[in-house]
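A short worksheet on the structure shown next.
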Amino acid sequence: MEKINSLTGMADLIGQKDKKSNQSDSIFQVEKKLIEIFENYSLQEIRTPALESEKLFNRSVGDSSDIVNKELYTFKDKNEKKISLRPEGTAGVVRSIIEKKLDNESHRFWYLGPMWRYERPQKGRYRQFYQAGVELIGLGPTGMIFYITPTLQFILGYFYYNEEFSLVKFVSFIIIWIAVIVYLKDLYETN
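Each residue of the sequence shown is one higher than the one before, starting from 1022 at the first, in this note's numbering.
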């Protein structure tokens, strides 16, 4: 009988009695803290499907991007329709807003869940991963800065004082947020 193993780049997260090596508990604690922060800032949760039409990602990130060309998990369903596992959260959120005809309003959404990218697995980097995100739509640059700055302070404070997270992850997180702030500053100055 052939042995069945998990797919390459997919991890089983199993709770352990030893809290130091308990990946499942660590992820749960981070998710719990992020949800608390998001709710404190009156952000609304949105849950989008893990499966979407491949066309959604072709439109949102472009046909020539690495995500579409190399990293999408895509397959045909029984009706020969191309379906993809979501590689990121923004496209599904925007699709949902447009589909529900909510695009003439402002929104402050947060999401959290598994995402998939078909890339070469590396240490600490898997094909299935968990991502949290915030989508601030229709608020304008000042409104976005109002929400982003204090939320960022709380999240960074949590990561900084939590010993279970590596310095590399912390620095990566800071670099991403600096890029967001620079983008917002440029957007604000051009308007």
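Every residue gets a Cβ at the ideal spot worked out from N, C-alpha and C, and that includes glycine.
Computed from a predicted structure; not experimentally measured.
Original post:
Is it true that the CB of S1127 sits closer than 7 Å to the CB of L1160?
Top reply: Walking along the sequence shown from the start, residue 1160 turns up at place 139. Walking along the sequence shown from the start, residue 1127 turns up at place 106. For L1160 and S1127, yes; Cβs fall inside 7 Å.
Subject >> Sequence-distant residues of its chain with Cβ nearer than 7 Å to S1045 (five each side left out) >> reply: For this step, residue 1045 is matched to residue 24 along the sequence shown. Once the five neighbours on either side are set aside, the close Cβ partners of S1045 are L1034, I1035, G1036.
**OP:** Can you have a look at L1028 and say buried or exposed, based on whether 16 or more other CB atoms are within 10 angstroms of its CB?
**Re:** Translated into the one-based positions of the sequence shown, residue 1028 becomes position 7. Within a 10 Å sphere around the beta-carbon of L1028 sit fewer than 16 other beta-carbons, which makes this residue exposed.
**OP:** List the DSSP bridge partners of V1115.
**Re:** Start at 1 with the first residue of the sequence shown, and residue 1115 comes out as number 94. Partner(s): none; V1115 has no beta bridge.
Original post:
By DSSP, does E1073 sit in helix, in strand, or in coil?
Top reply: Residue numbering aside, residue 1073 sits at position 52 when the sequence shown is read from its first letter. Strand at E1073.
Original post:
Closest to W1137 by CA distance: which of I1025, G1030, N1026 is it?
Top reply: Numbered from 1 along the sequence shown, position 116 holds the residue referred to as residue 1137. Its Cα nearest to that of W1137, the residue G1030 stands out among I1025, G1030, N1026.
Original post:
How many angstroms separate the CA atom of R1148 from the CA atom of F1096?
Top reply: Here residue 1148 is taken as the residue at index 127 of the sequence shown, counted from 1. Here residue 1096 is taken as the residue at index 75 of the sequence shown, counted from 1. Roughly 16 Å separates the two Cα atoms.
Subject >> Per-residue burial, Y1132 [other beta carbons within 10 Å of its own, 16 or more giving buried] >> reply: Here residue 1132 corresponds to residue number 111 of the sequence shown, with the count starting at 1. Answer is buried; the Cβ neighbour count reaches 16.
**OP:** Put E1120 into one of helix, strand or coil per three-state DSSP.
**Re:** Residue numbering aside, residue 1120 sits at position 99 when the sequence shown is read from its first letter. The answer is helix: DSSP assigns E1120 an H, G or I state.
**OP:** Express the C-alpha separation of E1060 and K1099 in angstroms, rounding to a whole number.
**Re:** For this step, residue 1099 is matched to residue 78 along the sequence shown. For this step, residue 1060 is matched to residue 39 along the sequence shown. The C-alpha of K1099 lies about 40 Å from the C-alpha of E1060.
Subject >> Continuous beta strand (DSSP E) stretch holding K1103: start and end >> reply: Numbered from its first residue, the sequence shown carries residue 1103 at position 82. Element bounds for K1103: 1103-1106.
**OP:** Look up Q1152 in the DSSP assignment and give the residues it is bridged to.
**Re:** Along the sequence shown, one-based indexing puts residue 1152 at 131. Residue pairing by DSSP places Q1152 opposite G1134 in a beta bridge.
Subject >> Own chain partners of E963 with C-beta closer than 8 Å, once the 5 adjacent residues on each side are dropped >> reply: Because the chain here runs from 1022 to 1212, residue 963 falls outside it and cannot be looked at.
Original post:
Among the residues of its own chain, which have a CB less than 6 Å from the CB of R1116, if the five just before and after it don't count?
Top reply: For the purposes of this step, residue 1116 is taken as the residue at position 95 of the sequence shown. Short of 6 Å from the beta carbon of R1116, and not among the five residues preceding or following it, lie these beta carbons of its own chain, in chain order: L1077.
Subject >> Best match in I1067, S1105, Q1050, A1032 for proximity to L975 [C-alpha to C-alpha] >> reply: No statement about residue 975 is possible, as the shown extent of the chain runs from 1022 to 1212 and does not include it.
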